[in-house]
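Peer 1: In the working numbering, the protein residues as written are 241 to 409. Note that the Cβ used here is the ideal one computed from N, Cα and C, for glycine as well. Values in this document were obtained by computation on a predicted structure and should not be read as measured data. First the structure, which I've put down as structure tokens, then a few questions once you've had a look.
Now the structure itself:
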């Protein structure tokens with residue numbers, strides 16, 4: 241992963257494609273940047289979503305406070321979606337504002353996994369993407385298994401009856 245010290249801020253939708261060694265040839269991770277004014281745009285990207293990575297900045301309390309609003313919006317717009325929480329910029333302990341214990345407690349309350357990462361130092365990034373991918377694939381397998389079970393339950397078995405009933409009248 242390449243990290244540029246002087247980087248342009250991301251605004252709007254972007255995507256990342258990773259090669260995941262499964263029956264799926266690649267996994268696409270579209271993402272939007274969490275600006276409050278972009279709610280109308282991001283609602284379009286919830287359609288067909290299987291997994292969501294909610295990222296906050298561990299050096300910004302305001303960023304962490306917004307996580308609850310983002311998770312609420314995800315719940316409002318997605319029927320059943322895998323979610324993980326990621327605290328990024330975890331490479332400078334002296335700048336850290338959001339404590340790991342607080343974030344872990346919040347993640348447990350929300351029923352989601354927490355990863356603390358550093359995109360700059362490439363710490364825990366691959367593990368985080370592997371986790372969300374595994375969660376999505378597991379959920380998809382469960383949905384397919386339920387659908388197959390439902391189809392088996394919906395089958396009506398017809399058999400020929402060797403004895404014919406007498407016609408009435």
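So the beta strand (DSSP E) residue 352 belongs to, where does it begin and stop?
Peer 2: Run containing residue 352: none; DSSP gives neither H nor E here.
Peer 1: Where does residue 292 sit, in a helix, a strand or coil, going by DSSP?
Peer 2: Residue 292: strand per DSSP, three-state reduction.
Peer 1: Roughly how far, in whole angstroms, is the beta-carbon of residue 298 from the beta-carbon of residue 329, given that I think they are within contact range, below 8 Å?
Peer 2: With a Cβ gap of about 5 Å, residue 298 and residue 329 count as contacting.
Peer 1: Hey, could you find the ends of the alpha helix (DSSP H) residue 314 is sitting in?
Peer 2: Here the alpha helix (DSSP H) through residue 314 covers 301-317.
Peer 1: For residue 296 and residue 365, which I take to be in contact (beta-carbon distance under 8 Å), what is that distance rounded to the nearest angstrom?
Peer 2: With a Cβ gap of about 15 Å, residue 296 and residue 365 do not count as contacting.
Peer 1: From 323, 319, 341 and 301, pick the residue whose C-alpha is nearest to that of residue 376; which is it?
Peer 2: Considering only alpha carbons, the answer is 323.
Peer 1: Rounded to whole angstroms, how far is the Cβ of residue 326 from the Cβ of residue 311, which I believe are closer than 8 Å?
Peer 2: The Cβ separation is near 12 Å, so there is no contact.
Peer 1: If you reduce the DSSP assignment to three classes, tell me which class residue 328 lands in.
Peer 2: In this structure, residue 328 counts as strand in the three-state DSSP scheme.
Peer 1: So which of 359, 362 and 315 has the shortest CA-CA distance to residue 351?
Peer 2: Closest option to residue 351, Cα to Cα, is 315.
Peer 1: So which of 304, 286, 288 and 317 has the shortest CA-CA distance to residue 354?
Peer 2: For the residues 304, 286, 288 and 317, the minimum Cα distance to residue 354 belongs to 304.
Peer 1: To the nearest angstrom, how far is it from the Cα of residue 291 to the Cα of residue 368?
Peer 2: Approximately 12 Å between the Cα atoms of the pair.
Peer 1: By the three-class DSSP mapping on this structure, what secondary structure does residue 342 have?
Peer 2: The answer is helix: DSSP assigns residue 342 an H, G or I state.
Peer 1: Closest by CA to residue 289, which one among 373, 307, 356 and 333?
Peer 2: When only C-alpha atoms are compared, the closest one is 373.
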